[in-house]
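Chains as they are written, first to last, in this note's numbering: chain A, 40 to 209; chain B, -11 to 79.
Beta carbons are placed, not taken as given, at the ideal position from N, Cα and C, and that holds for glycine.
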């Protein structure tokens, strides 16, 4: 009997240790999947920030145009058909922009600071105050001028907006 | 190699989310730090244990902790649009 391990001892040890090695390997593989490297974090954040600024610019543009046509309609003697169409289409663009942003937020494609500071307040107010008022105004205006208008606020048209408003409640 | 999850990033986003919500909800001038956020949560929980409902407890905790409580009102695009829509509705 000597203390020097024989070939058979080494093989037996290897067989016994194999499951442990496998578990370590699997845990290691999963863990590395769950954590970004520094560079990956930086790249992803940079892309998210860029997405956010581009969407913010488009959103601001849509807002300016929406406000401009409403201001013009307010200043004209009576609301003409052209005014009505302009408000309906620019309003649609405004809410469409918010929908695009909401989709990006729900897909986690926007810088979180920008999402919380800039977009979520706008989206929540749009859902809570603007959408119902917007449709009511269009319906009232159409009725006063006897246009046949069948628009109505339907939740399924604004699913992502409602989704963001409900997910990021203050 | 692309990663599937970003656990640290999610945790960061979660913590940032609370301070931002406090800022808007209680009209603060500055975003509360993480420490202040936790202090607020502790105090609010204590008030809630003493019998206040959660909304009131949060309000009282914010009032007690934040010196800039209700010093800001966060207005936005919605105010302008709402005013214009109401003007048009009047015509």
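For residue 119 (chain A), the secondary structure class from DSSP, reduced to helix, strand or coil, is coil.
Chain A places no beta carbon closer than 9 Å to that of residue 58 (chain B), leaving this residue out of the contacts. In the assembly as shown, residue 42 (chain B) is an exposed residue. Its beta-carbon has fewer than 16 other beta-carbons within 10 Å.
Counting C-beta pairs closer than 8 Å gives three or more between the segment 134 to 149 of chain A and the segment 158 to 172 of chain A, which meets the contact rule. Only 102, 105, 106, 109, 110, 112 and 113 from the segment 88 to 115 of chain A bring a Cβ to less than 8 Å from some Cβ of chain B. Distance between residue 86 (chain A) and residue 142 (chain A), taken at the CA atoms: about 16 Å.
Straight across, the Cα-Cα distance linking residue 76 (chain A) with residue -6 (chain B) is about 10 Å.
Residue 20 (chain B) has its alpha-carbon roughly 23 Å from the corresponding atom of residue 84 (chain A). Put simply, the backbone Cα of residue 46 (chain A) is about 20 Å away from that of residue 58 (chain A).
Considering only A:115, A:106, A:117 and A:116, the residue with the shortest C-alpha distance to residue 127 (chain A) is A:106. Residue 155 (chain A) belongs to the set of residues whose beta carbon lies under 9 Å from a beta carbon in chain B. Under the three-state reduction of DSSP output, residue 171 (chain A) falls in the helix class. In the structure shown, residue 188 (chain A) falls within a coil segment according to DSSP collapsed to helix, strand and coil.
In the displayed model, residue 42 (chain B) falls within a helix according to three-state DSSP. Its chain contains 125, 126 and 129 as the residues whose beta carbon lies nearer than 6 Å to that of residue 108 (chain A), once the 5 sequence neighbours on both sides are disregarded; these appear in chain order.
Below the 9 Å Cβ cutoff, chain A contributes no neighbours of residue 53 (chain B), its closest Cβ being approximately 17 Å away. Taking 8 Å as the cut-off between beta carbons, the residues of the segment 160 to 171 of chain A near chain B are 160, 161, 164, 165, 168 and 169, in sequence order. Going by C-alpha positions, residue 153 (chain A) is about 11 Å away from residue 160 (chain A).
Selection A:179, A:104, A:74 and A:82 evaluated against residue 75 (chain B) yields A:179 as nearest (Cα-Cα).
Contact note: residue 68 (chain B) reaches chain A through 106, using a C-beta cutoff of 7 Å and chain order. Proximity of chain B to residue 179 (chain A) at the Cβ level (cut-off 7 Å) is accounted for by 77, in chain order.
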